[in-house]
Amino acid sequence: MRHLIKEWKRITGEIKDGYLYLFLDFDGTLAPIRKHPREVKLGRGIYNVLKKLAGADNVSVAIISGRKLSEVKRIAGLKGIMYVGNHGLEAAGPGMDFKLPSAIKAQKTISVLRRKLRERLRCFKGVLVEDKGLTLSVHYRMADKKNWEKIARICMTAAEPYRKQRKIRITAGKKVWEIRPPAAWDKGRMAEKLLNRKKRELKRKVIPFCMGDDRTDEDVFRRFKNTGYTVKITKKNREASMADYYLRNVREVSFFLREIYSLRRRA
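Given below as structure tokens:
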């Protein structure tokens, strides 16, 4: 992966006259990851530049998060942008209110697993079983490391019968297990849906610019590998990823967003 800031001058020439659609992950991209999800906040600097971008010409903004939709909307607190929650299963914004039908059907199974996992994991200090409506997340970042393997085994044992029946699927993130509906739907599919919608609306080319730090963001990178700009947030430029570029941290993301706004202001 190449460092985005070092390549910025060249990229500017490629995108300066185009319409950009920014697809931005939240935790670890727009805001630093914290031990507890409730501790995460959007910094004032990034909030201000996103607010400016939301009102700028030739650019659209979508925050695509694993959090439930209502939560990411509350934390970000921005108007005029698209919000996507639960890894693409739900979305809301200008002219859109979306929930994947098959995800709604899976809610009963998700609810059953929530009760089972809370019962079986309550003896482990630092484990959070988070009910996100359409999905379930088991966070173990704050648990004792010596218990991580045991926690994973309990999660898999509880979820496996439902996975075999194709009622759910299980994915891994950064110190989190995700239990999701079985549909072949993800952040990448949702981002593509939004991009195509914008293309039809504008009747012109729209360039996707995608940023994220987690495994689920690889679905977005894979979707736009040859048609847009894909940026992994990581300190390891040799990390295996479908992204073409990288930024090291949230501070560099903030710098990049300011550069995008400056470019659009001059256009």
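Mapping to the numbering used here: the sequence shown position 140 is 1130, numbers consecutive. Backbone N, C-alpha and C define an ideal beta-carbon position, used for all residues, glycine too.
Burial state of Met1146 (16 or more Cβ within 10 Å): On the sequence shown, position 156 is the one that residue 1146 refers to. Exposed, because fewer than 16 other Cβ atoms sit within 10 Å of the Cβ of Met1146.
Euclidean distance between Cα positions of Leu1237 and Asp1176: Looking up residue 1237 in the sequence shown gives position 247. Looking up residue 1176 in the sequence shown gives position 186. Leu1237 and Asp1176: Cα-Cα distance of roughly 23 angstroms.
Quick one: residues in its chain with C-beta nearer than 8 angstroms to the C-beta of Ile1158, no 5 flanking neighbours on either side, listed in chain order? Translated into positions along the sequence shown, residue 1158 becomes position 168. Here the set comprises Ala1096, Thr1099, Ile1100, Leu1103, Ala1149, Tyr1152, Ile1169, Arg1170, Pro1171, Pro1172.
Straight-line gap, Ala1181 to Asn1137 (C-alpha atoms, nearest Å): Within the sequence shown, residue 1181 is the residue found at index 191, counting from 1. Within the sequence shown, residue 1137 is the residue found at index 147, counting from 1. Rounded to the nearest whole angstrom, the CA to CA distance from Ala1181 to Asn1137 is 36 angstroms.
Between Pro1198 and Gly1218, is the Cβ-Cβ spacing less than 8 angstroms? Numbered from 1 along the sequence shown, position 208 holds the residue referred to as residue 1198. Numbered from 1 along the sequence shown, position 228 holds the residue referred to as residue 1218. In this structure, Gly1218 lies closer than 8 angstroms to Pro1198 by Cβ.
Could you tell me how far apart the beta carbons of Phe1013 and Ile1054 are, in whole angstroms, since I believe they sit closer than 8 angstroms? As a first step, residue 1013 must be located in the sequence shown, where it is residue number 23. As a first step, residue 1054 must be located in the sequence shown, where it is residue number 64. About 6 angstroms separates the two Cβ atoms, so the contact holds.
Distance, Asp1017 Cα to Asn1076 Cα: What you label residue 1076 is simply residue 86 of the sequence shown in a count that begins at 1. What you label residue 1017 is simply residue 27 of the sequence shown in a count that begins at 1. Roughly 13 angstroms separates the two Cα atoms.
Since I believe Ile1036 is in contact with Ala1052 (beta carbons under 8 angstroms), could you give me their beta-carbon distance rounded to a whole number of angstroms? Counting from one through the sequence shown, the residue named residue 1052 turns up at place 62. Counting from one through the sequence shown, the residue named residue 1036 turns up at place 46. The pair is not a contact, with the Cβ atoms about 15 angstroms apart (cut-off 8 angstroms).
Straight-line Cα distance separating Lys1058 from Tyr1251: As a working note, residue 1251 is residue 261 in the sequence shown. As a working note, residue 1058 is residue 68 in the sequence shown. C-alpha separation (whole angstroms): 28 angstroms.
Can you have a look at Arg1028 and say buried or exposed, based on whether 16 or more other CB atoms are within 10 angstroms of its CB? The count along the sequence shown starts at 1 and reaches residue 1028 at position 38. With fewer than 16 other CB atoms across the displayed protein chains lying within 10 angstroms of its CB, Arg1028 is exposed.
Could you tell me if His1258 is buried or exposed, where buried requires 16 or more neighbouring beta carbons within 10 angstroms of its beta carbon? For the chain, the structure presents residues 991 to 1257; residue 1258 sits outside this window and is missing.
Exposed or buried, which one is Cys1113 when buried takes at least 16 other CB atoms within 10 Å? In the sequence shown, the residue the question calls residue 1113 occupies position 123. It is exposed - the Cβ of Cys1113 has fewer than 16 other Cβ atoms within 10 Å.
Contiguous alpha helix (DSSP H) assignments of at least 4 residues, all confined to the segment 1092-1173: Every unbroken stretch of the alpha helix (DSSP H) spanning 4 or more residues and falling wholly within the segment 1092-1173 is given here in chain order: 1097-1111, 1138-1154.
Does the beta-carbon of Arg1194 have 16 or more other beta-carbons within 10 angstroms, so that it is buried, or is it exposed? Walking along the sequence shown from the start, residue 1194 turns up at place 204. So Arg1194 ends up on the exposed side.
Taking Gly1056 as the reference, which of Ile1094, Pro1084, Leu1126, Lys1106 has the closest Cα? Within the sequence shown, numbered from 1, the residue matching residue 1056 stands at position 66. Of the listed residues, the one whose Cα sits closest to Gly1056 is Leu1126.
Are the Cβ atoms of Leu1020 and Leu1032 separated by less than 8 angstroms? Position 30 of the sequence shown, counting from 1, holds the residue named residue 1020. Position 42 of the sequence shown, counting from 1, holds the residue named residue 1032. Yes, they are a contact pair.
Gly1075, enclosing beta strand (DSSP E) - first and last residue: Start at 1 with the first residue of the sequence shown, and residue 1075 comes out as number 85. Where Gly1075 is concerned, the enclosing beta strand (DSSP E) starts and stops at 1072-1075.
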